[in-house]
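**Student:**
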Amino acid sequence: MTETIRVLLVDDSSDLASVAAELLAREDDRFDVSTETDPSAVVDRVEAEPVDCLVCDYGMPGMDGLDVLRAVRERWPDLPFVLFTGKGSEEIASEAISAGATDYVRKGTAADNYALLANRVAQAVAKRRSSRRAARLEALRDLARDVNGALVRADDQAAAERAVCDRLVATDPYTVAWIGSVDVAEGSTTVRTAVGEPVDAVDHRREPVHRAATTREPAVATDPDRSDPETVAAVPLDVDEDRYGLLVAGAAAPDAIDGFELDFLAELGEDVASALERLRIRAELSESEAKYRRLVEQNLVGVYLIQDGEFEYVNPRLAAMFGYTQEELLTELTPSDVVIEADREKLRRNLERRESGDVDDLRYTLRGERKDGSEIEFEVHGGRIDYRGEPAIMGTLLDVTEQRRHQRELERSRTEYRELFEGFPDAVFVREPGDTFRIVSDIAVDRLGYDREELLSMKPIDIDPNLDPDDEDDRFDALSDDGSLRFDTVHETKAGDRIPVAVNSTLIPYRGDEAILSTARDISERVAREEELRRQRDRMEGIASVVSHDLRNPLNVAAGRIEAVRRACDCDHDDLDGALDALDRMNRLIDDLLTLTGRHDVDPSPVSLSSTVDRAWRNVATDGATLRREVDGTIRADGSRLEQVFENLFRNSVEHGSSERGDGATADPDLTVTVGELPDGFYVADDGSGIPTADRERIFESGYSTDQGGTGLGLSIVQDVIEAHDWEIRVTSGSEGGARFEITGVEGVE
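Residues 1 to 750 in full-length UniProt numbering are what the sequence shown lists, from first letter to last.
#1: Classify L246 as buried or exposed, calling it buried when 16 or more other Cβ atoms lie within 10 Å of its own Cβ.
#2: May I ask which residues mark the beginning and end of the beta strand (DSSP E) holding H725?
#3: Distance, Cα to Cα, E697 vs S716?
#4: Excluding five sequence neighbours on each side, which residues of the same chain lie with their C-beta closer than 8 Å to the C-beta of L329?
#5: Measure the alpha-carbon distance for T396 versus E287 and round it to whole angstroms.
#6: Could you tell me which residues DSSP pairs with C53 in its beta bridges?
#7: Report the rounded CA-to-CA distance for residue 755 versus V272, giving the unit in angstroms.
#8: Thinking just about the alpha-carbon of each residue, which of D238, E284, P218 is nearest to the one in E261?
#9: Which term fits T85, buried or exposed, when burial requires 16 or more other beta carbons within 10 angstroms of its beta carbon?
#10: Note down, in chain order, each residue of its chain lying with its Cβ closer than 7 Å to the Cβ of T4, except the 5 sequence neighbours on either side.
#11: With H, G and I counted as helix, E and B as strand and the rest as coil, what does DSSP make of residue 773?
#12: Could you tell me whether the Cβ atoms of I516 and R431 are closer together than 7 Å?
#13: Give the DSSP bridge partners of F476, in chain order.
#14: Helix, strand or coil: how does DSSP classify Y114 here?
#15: With distance defined between alpha-carbon atoms, name the residue in E377, D308, Y324 nearest to L351.
#16: On the CB-based measure, 16 or more other CB atoms within 10 Å of its CB, does D482 come out buried or exposed?
#17: What separation, rounded to the nearest whole angstrom, lies between the Cα atoms of W76 and P208?
#18: Give me the Cα-Cα distance between R6 and V121, rounded to the nearest whole angstrom.
#19: When the Cα atoms are used, what is the spatial distance from S653 to D603?
#20: Quick check on the burial criterion: 16 or more other C-beta atoms within 10 angstroms. Buried or exposed for S659?
#21: According to DSSP, simplified to helix, strand and coil, what is V301?
#22: Based on Cα-Cα distance, which residue from L151, D255, R282 lies nearest to D52?
#23: Hey, could you find the ends of the alpha helix (DSSP H) I92 is sitting in?
#24: For E377 and Y364, I'd like the C-alpha separation in whole angstroms.
#25: Classify A275: buried if its beta carbon has 16 or more other beta carbons within 10 angstroms, exposed otherwise.
#26: Can you pull the DSSP bridge partners for G395?
#27: Express the C-alpha separation of R136 and D15 in angstroms, rounding to a whole number.
#28: Using 10 angstroms around the beta-carbon of C56, count the other beta-carbons present and answer buried if the total reaches 16, otherwise exposed.
#29: What's the C-alpha gap between R651 and V565?
#30: Could you tell me which residues DSSP pairs with D513 in its beta bridges?
#31: Alpha carbon to alpha carbon, what distance is there between L479 and F487?
#32: Locate the alpha helix (DSSP H) running through W617, then write down its first and last residues.
#33: Just mark D468 as buried or exposed, buried being the case when its beta carbon has 16 or more other beta carbons within 10 Å.
#34: Whose C-beta lies closer than 8 Å to the C-beta of V501 among residues of the same chain, with five residues either side of it excluded?
#35: Where Q157 and V232 are concerned, what is the direct C-alpha to C-alpha distance, given to the nearest angstrom?
#36: State the Cα-Cα distance for the pair R282 and L151, rounded to the nearest angstrom.
This is the structure in structure tokens:
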């Protein structure tokens, strides 16, 4: 690209100045000619704008051309100055040259005069530029040499960056320099090192800085509207793909950094980047060496150096692994001495392979013998190095005795788990919440008829037609709250068959997260039995209803006729009373049969024990017996069924608690029936004659009774109600010798 030559033409005549400027500009396309008619303003013009050459008239009022020359030379000794005058003489020319004029050209009307002037101007500017470039080149060489020397001497990145910025600012024309990084996306600048003022003026918002950060290419620009600084250059500090930011330099003068200067800064940036790369690598190596040193010194692993089959170095940890001192291993023992005989050939072979260079590095396991005779397993890492000019093996020993033991135990546990998992009689599924199955057992595969891969791509909703998507979240919430979940459902096979199953799910840890373990038991037989029992119960209810209707009618007729005879006859009524008692026993027998054959479902709700006990006691003919109620809590139960339990137990105590047995027996007026609390239930006890031990296993059987007037069904009904609630009942002796019935497994209500 052609470099512009900026010429300031000074002449007190504006017309002559304009004509001369136009004629001069025609002679050379590179010329950019401006004029000045006031000789006293020349110094200010040169100071305010870049000028490559002054062309000045001699004869001007107030201040002639030589006066202008002297004023210019005081400030700019090397600025080309051509005296261009029509009143010249040899004396003036000699004086001008002595005063420092670059050349002297006489005016004339011929075009050749302007061609000569143009030639003299171009030569003077070229000479000055060449001289200044040579001087600048020498200065830049000195700067590069100084910077590279500082980079070599720098101990770390901060020192290197500081040295670069210091030396740039100490070199003309730079007034500010910094090294840092620019995040273009975030629009932020991070300055690591800065020298000069004002640093914050050269940030990412300046065009060359943004361009260099974006393109990773050197960039320079001049902003004539700024003086802080006017010219800014930025070069990337890159080594291949590694980036160390930008080097940014600013100069106060316009166009102070030309293409030549930018190329120099780019080369300097490469040197700086290489130095930063070297310092980074050195820092990483130093850190690695420090870590290695700490590793050895802090005895984390055993470290060894073997040469010619002998220990040349062992660290304290290695000596401790075998129970020896370092001195014993170095002076009395060889590597083979600490390895069991069965592994010595393996050791010898691997040492030879590494020493010969067949392999660079080996990793293998050996078994050794400690000083106390115990066995140790250790992992050997090592590679060939040069030690004192000869090949040697350096590496580490890692005690893996416990690790191998744990591995063997883990493998044994895995084998046992696998056998248990596959031998489990129920189908087993493992999955993460909301995800597909992770593990399925062989039984699950066989039962459902899918390939294992098919099952592992499915979710519970794919095999459970009863499962609603919303239920999945509810079930997981229930699992999270209680830790386990049990429910009955059906699983649909690939063939479309439906299998009733009882699912038991629990949360387990699985691969660092939470998973759901579910077992599904085939309950087809149980469901079939329950269905058969329901059918039998329905038949029994039908039979009982018919029997109740067909028996009650004649019994009621018989009772009515006996009562009519009693009223009409004044004879002895003992026989009639006995007949009525027999009819009453038959009615109670019918009631108990209806209870036994009726529905056994319960509807639990909060029930007051004290209120239920009191109502049941009022419903029983107690014949003067006393109730002692020592319960006052609330439980979950079916209120009417619970009241029936208490009635039957109270009736049993009153009827069987007297000293006499058989028809006509009445309760002992001193009989006391107690209802008390247990930790998880309650009991009913009396102080009567009690129940013989031999009879306790039979008393809940239907039809069993020691009272000829009893139905033998009361306690059987009690047991049915207890089992319907999932409770348990046990009969034993009371503290005062009577019978005691303990009901446990009862859920209390706070």
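Every residue, glycine too, gets a C-beta built ideally from N, C-alpha and C.
**Tutor:** Well, looking at it:
#1: Classification for L246: buried.
#2: H725: not part of any beta strand (DSSP E); DSSP gives it neither H nor E.
#3: Inter-residue distance for E697 and S716 is about 12 Å (C-alpha atoms, whole angstroms).
#4: Non-local beta-carbon contacts of L329 in its own chain, meaning distances under 8 Å to residues more than five positions away in sequence, involve F311, V314, L318, A319, F322, V338 in chain order.
#5: The alpha-carbon atoms of T396 and E287 are separated by roughly 20 Å.
#6: The partner list for C53 (beta bridge, DSSP) reads V7.
#7: Residue 755 lies beyond the residue range present for the chain, which begins at 1 and ends at 750; the question has no answer from this structure.
#8: For E261, the nearest C-alpha among the options comes from P218.
#9: For T85, the number of other beta carbons within 10 angstroms of its own is at least 16, and it is reported as buried.
#10: Once the five neighbours on either side are set aside, the close Cβ partners of T4 are R30, D32.
#11: Since the first residue shown for the chain is 1 and the last is 750, residue 773 is missing from the structure and cannot be characterised.
#12: In this structure, R431 lies closer than 7 Å to I516 by Cβ.
#13: Beta-bridge pairing links F476 to no other residue.
#14: In the three-state reduction of the DSSP assignment, Y114 falls in the helix class.
#15: Of the candidates E377, D308, Y324, the one whose C-alpha sits nearest the C-alpha of L351 is D308.
#16: Classification for D482: exposed.
#17: Spanning the two alpha carbons is a distance of roughly 31 Å.
#18: Taking the straight line joining both Cα atoms gives about 10 Å.
#19: Answer to the nearest angstrom: the Cα atoms are 27 Å apart.
#20: Below a pLDDT of 50, predicted positions are generally treated as unreliable, and S659, at 48, falls in that range; the measurement from the model is reported next regardless. Its Cβ having fewer than 16 others within 10 Å, S659 is exposed.
#21: DSSP, reduced to helix, strand and coil, places V301 outside both helices and strands of the structure shown, so it counts as coil.
#22: Of the candidates L151, D255, R282, D255 places its Cα closest to the Cα of D52.
#23: That run of the alpha helix (DSSP H) goes 90-99.
#24: As the crow flies, the alpha-carbon of E377 is around 11 Å from that of Y364.
#25: Taking all protein chains shown into account, A275 has 16 or more neighbouring C-beta atoms within 10 Å of its C-beta and is therefore buried.
#26: Answer is Y304, G382.
#27: Distance between the alpha carbons of D15 and R136: 39 Å.
#28: Answer is buried; the Cβ neighbour count reaches 16.
#29: So the two alpha carbons sit approximately 31 Å from each other.
#30: DSSP lists Y510 as partners of D513.
#31: CA-CA distance, F487 to L479, rounds to 12 Å.
#32: Where W617 is concerned, the enclosing alpha helix (DSSP H) starts and stops at 609-618.
#33: With fewer than 16 Cβ atoms within 10 Å of its Cβ, D468 is classed as exposed.
#34: Taken in chain order, the residues that qualify are A427, D488, T489, V490, H491, A520, R521, D522, I523.
#35: CA-to-CA, the gap between Q157 and V232 works out to about 24 Å.
#36: The alpha-carbon atoms of R282 and L151 are separated by roughly 13 Å.
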